[in-house]
Amino acid sequence: EDQVTQSPEALRLQEGESSSLNCSYTVSGLRGLFWYRQDPGKGPEFLFTLYSAGEEKEKERLKATLTKKESFLHITAPKPEDSATYLCAVLDGGGADGLTFGKGTHLIIQP
Amino acid sequence: EPEVTQTPSHQVTQMGQEVILRCVPISNHLYFYWYRQILGQKVEFLVSFYNNEISEKSEIFDDQFSVERPDGSNFTLKIRSTKLEDSAMYFCASSVKEQFFGPGTRLTVL
Numbered sequence: 030e031d032q033v034t035q036s037p038e039a040l041r042l043q044e045g046e047s048s049s050l051n052c053s054y055t056v057s058g059l060r061g062l063f064w065y066r067q068d069p070g071k072g073p074e075f076l077f078t079l080y081s082a083g084e085e086k087e088k089e090r091l092k093a094t095l096t097k098k099e100s101f102l103h104i105t106a107p108k109p110e111d112s113a114t115y116l117c118a119v120l121d122g123g124g125a126d127g128l129t130f131g132k133g134t135h136l137i138i139q140p
Numbered sequence: 439e440p441e442v443t444q445t446p447s448h449q450v451t452q453m454g455q456e457v458i459l460r461c462v463p464i465s466n467h468l469y470f471y472w473y474r475q476i477l478g479q480k481v482e483f484l485v486s487f488y489n490n491e492i493s494e495k496s497e498i499f500d501d502q503f504s505v506e507r508p509d510g511s512n513f514t515l516k517i518r519s520t521k522l523e524d525s526a527m528y529f530c531a532s533s534v535k536e537q538f539f540g541p542g543t544r545l546t547v548l
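Keeping their order, the protein sequence lines are chains A and B. Going from the first sequence to the numbering used here is simple: count from 1 and add 29. Going from the second sequence to the numbering used here is simple: count from 1 and add 438.
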């Protein structure tokens, strides 16, 4: 069974204080690892897809990296508008269509 | 920018009633999905749909659930006889590669 574990569950940072969120996964074969942002009461908003170990993707203050066992979402000099829950999800290489999500990291950036 | 839309945004129903949740996927996407998120819990896969048939379904997607693409634009999720535990946010998604999610329908079963 696919497993996705995110840590920490919650993180409070000061504006400008960089940090990283972790997503560790167990799959039979990775077809893709996805990062989403979710604001309260809204649907997940796509951020990145990573396909193979060593791959990195960047968008504004966010950078996602991937190893064979985990992914990191690095947040550099965050702003209050980066406050959200960040979700990690995997697509199993066994032919499954559905994403398996982690519980998310609730990030709060204080001004 | 194209986006997935869902209606209604909030549905309140009595236990045992049928509900239909509606979605309009992004127009050139070929794969369609339904997920749910119970309050405070993780997003869970329900079903995927491709080429006018179910491609995969999870253990949650039992006989009470059905999906349909009644025309070229809509994609629906029907819950035949709602239970209290069906109360959740239901998200539709569509994809060519990455899955893009709609804003969700909050279903409240009383």
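No residue lacks a Cβ here, since even glycine has one placed at the ideal position from N, Cα and C.
CB of residue i within 7 angstroms of CB of residue j, strictly
i	j	result
Gly127 of chain A	Ser486 of chain B	yes
Pro109 of chain A	Pro140 of chain A	yes
Lys132 of chain A	Gln35 of chain A	yes
Thr78 of chain A	Glu536 of chain B	yes
Leu484 of chain B	Phe470 of chain B	no
Leu95 of chain A	Tyr115 of chain A	no
His448 of chain B	Ser532 of chain B	no
Residue closest to residue i, alpha-carbon to alpha-carbon, out of the options
i	options	result
Gly58 of chain A	A:Thr134, A:Pro37, A:Thr129 and A:Thr114	A:Thr129
Cys530 of chain B	A:Tyr54, A:Glu74 and A:Leu95	A:Glu74
Tyr528 of chain B	B:Val534, B:Gly510, B:Gly454 and B:Val547	B:Val547
Glu456 of chain B	B:Lys521, B:Trp472 and B:His448	B:Lys521
Val534 of chain B	B:Met453, B:Tyr488 and B:Glu506	B:Tyr488
Ile492 of chain B	B:Ser519, B:Gln479 and B:Trp472	B:Trp472
Arg60 of chain A	A:Asp111, A:Ile137, A:Leu136 and A:Ala125	A:Ala125
Distance cut-off 6 angstroms: residue i Cβ against heavy atoms of the ligand GDP
i	result
Lys98 of chain A	In the structure shown, the ligand GDP is absent, as is every other ligand, since no ligand is present at all.
Three CB pairs or more closer than 8 angstroms across the stretch 507 to 516 of chain B and the stretch 113 to 122 of chain A: no
The stretch 31 to 39 of chain A contacting the stretch 74 to 89 of chain A, beta-carbon criterion three pairs below 8 angstroms: no
Three-pair Cβ contact test at 8 angstroms for the stretch 533 to 543 of chain B versus the stretch 463 to 470 of chain B: yes
Whole runs of the beta strand (DSSP E) within the stretch 71 to 99 of chain A, excluding any shorter than 3 residues: 74 to 79, 85 to 88 and 91 to 95
Given 8 angstroms, three or more beta-carbon pairs between the stretch 51 to 65 of chain A and the stretch 441 to 459 of chain B: With the cut-off at 8 angstroms, the stretch 51 to 65 of chain A and the stretch 441 to 459 of chain B do not touch.
Any beta strand (DSSP E) of 3 or more consecutive residues that is wholly inside the stretch 473 to 541 of chain B: 482 to 488, 491 to 495, 503 to 506, 513 to 517, 526 to 533 and 537 to 539
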